[in-house]
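In structure tokens form, the structure reads like this:
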């Protein structure tokens, strides 16, 4: 089913405009750059400092679990290795499951949402675009993206709850 979804996107969704759009969107998620930048900016504001700290901690946990534990354990090859397809971006070198771009994006979006719903909603939109870009660009399977969503969400919620329990976060989930 993974390949059916990817092939449907390639056949029915791809356009030159979207090729350019999703090639650019996906790079916002490279190494979690956009999310780290947002978190660092939040650190400089008194109102959102705790959100920035929580985001950075949750993203670090997500990165360690996803890239250094789960990916090597699963060892899943990327979809383009099984298809003759011209990639629009340089081929990523690491394993496929889970999608690191998606995991960091949803981790950041969920973290932001838990601290401030108004900040979290646009973050979810960007996270969803980054996640879809990984499918559009044929560098991840849909199950990789779902795994990334799950990993990022679980890490964000866990870190938020731990920080709140220890008195480092105000508010409720």
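In UniProt numbering, the protein residues as written are 1 to 173. We treat Cβ as the ideally placed atom computed from N, Cα and C, and that holds for glycine.
For residue i, three-class secondary structure by DSSP
{"i": "residue 108", "result": "helix"}
{"i": "residue 102", "result": "helix"}
{"i": "residue 40", "result": "helix"}
{"i": "residue 32", "result": "helix"}
{"i": "residue 66", "result": "helix"}
{"i": "residue 81", "result": "helix"}
{"i": "residue 88", "result": "coil"}
{"i": "residue 113", "result": "helix"}
{"i": "residue 93", "result": "coil"}
Through-space distance from residue j to residue i, alpha-carbon basis
{"i": "residue 178", "j": "residue 51", "result": "Given that the chain is displayed from residue 1 to residue 173, the structure contains no residue 178 and the question cannot be resolved."}
{"i": "residue 126", "j": "residue 166", "result": "30 angstroms"}
{"i": "residue 196", "j": "residue 48", "result": "The structure shown does not extend to residue 196, since the chain is modelled only from 1 through 173, so no value can be given for it."}
{"i": "residue 42", "j": "residue 30", "result": "20 angstroms"}
{"i": "residue 174", "j": "residue 94", "result": "A query on residue 174 cannot be resolved here, the shown segment of the chain reaching from 1 to 173 and no further."}
{"i": "residue 113", "j": "residue 159", "result": "13 angstroms"}
{"i": "residue 68", "j": "residue 46", "result": "33 angstroms"}
{"i": "residue 106", "j": "residue 18", "result": "22 angstroms"}
{"i": "residue 26", "j": "residue 163", "result": "30 angstroms"}
{"i": "residue 57", "j": "residue 64", "result": "11 angstroms"}
{"i": "residue 152", "j": "residue 143", "result": "14 angstroms"}
Terminal residues of the alpha helix (DSSP H) in which residue i lies
{"i": "residue 2", "result": "2–12"}
{"i": "residue 17", "result": "16–28"}
{"i": "residue 143", "result": "142–165"}
{"i": "residue 133", "result": "117–136"}
{"i": "residue 52", "result": "49–63"}
{"i": "residue 71", "result": "71–74"}
Buried or exposed (CB count within 10 angstroms, at least 16 for buried), residue i
{"i": "residue 110", "result": "buried"}
{"i": "residue 75", "result": "exposed"}
{"i": "residue 55", "result": "buried"}
C-beta neighbour in chain C for residue i, strict 7 angstroms
{"i": "residue 73", "result": "No chain C appears in this structure, which consists of one protein chain only."}
8 angstroms contact criterion, which residue i and residue j should meet: CB distance rounded
{"i": "residue 141", "j": "residue 79", "result": "5 angstroms"}
{"i": "residue 36", "j": "residue 28", "result": "Not quite, the Cβ-Cβ distance comes to about 11 angstroms (not below 8 angstroms), so this is no contact."}
{"i": "residue 108", "j": "residue 123", "result": "6 angstroms"}
Check: residue i C-beta below 6 angstroms from any heavy atom of the ligand PLP
{"i": "residue 49", "result": "For the ligand PLP, the structure offers nothing, since it holds no ligand at all."}
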